[in-house]
Amino acid sequence: MNIAALEWLTFGLSRAVSAAAERGCVLHLLTADPTEYAFEVERSIPGNLVVHDVDTSDADQVLKVLSSIDDLAGLISTTDVCSLT
837 MNIAALEWLT FGLSRAVSAA AERGCVLHLL TADPTEYAFE VERSIPGNLV VHDVDTSDAD
897 QVLKVLSSID DLAGLISTTD VCSLT
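Residue numbers (the working numbering): 837 to 921.
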């Protein structure tokens, strides 16, 4: 099963990846700037985090990425800065 996250806070991503992995899930991070999460990505369990470099302000691009993720259980956002309209 896969879970998608639309951007993330600059902390706690590796903990979310661990929690997802404990439940047999892979976390997919959709972000406009993957470098912003470099520290958290390095701390994450290898193979349990997929980073998608996508313009998260473009709903069509986000939907295209989401539709390419098999067995997608849901989409979460931990920030009020990023939302689709």
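For glycine and all other residues, C-beta sits at the position ideal for the given N, C-alpha and C.
* Comparing alpha-carbon positions, which option in Arg-859, Trp-844, Ala-856 lies nearest Phe-875? -> Trp-844
* Figure out for me which residue from Pro-882, Asp-906, Leu-842, Asp-896 has the closest Cα to the Cα of Val-853. => Pro-882
* Nearest-angstrom Cα distance between Arg-855 and Cys-861? -> One detail in the question is off: residue 855 reads as Ala in this sequence, not Arg. If I take the Cα positions, the gap works out to 8 angstroms.
* Asked: Per DSSP, Asn-838 is paired with what?
  -> Val-862, Leu-908
* Roughly how many angstroms lie between the CA atoms of His-888 and Glu-858, to the nearest whole one? -> 22 angstroms
* Asked: Under 8 angstroms, do Leu-885 and Leu-865 count as touching if we go by C-beta distance?
  -> yes
* **Classification of Met-849 by the beta-carbon crowding that lies within 10 angstroms, buried from 16 upward** => First, the residue type needs correcting, since residue 849 is Leu and not Met in the sequence shown. It is buried - the Cβ of Leu-849 has at least 16 other Cβ atoms within 10 Å.
* State the Cα-Cα distance for the pair Leu-899 and Asp-907, rounded to the nearest angstrom. => 15 angstroms
* Would the beta-carbon of Thr-867 fall within 8 angstroms of that of Thr-892? -> yes
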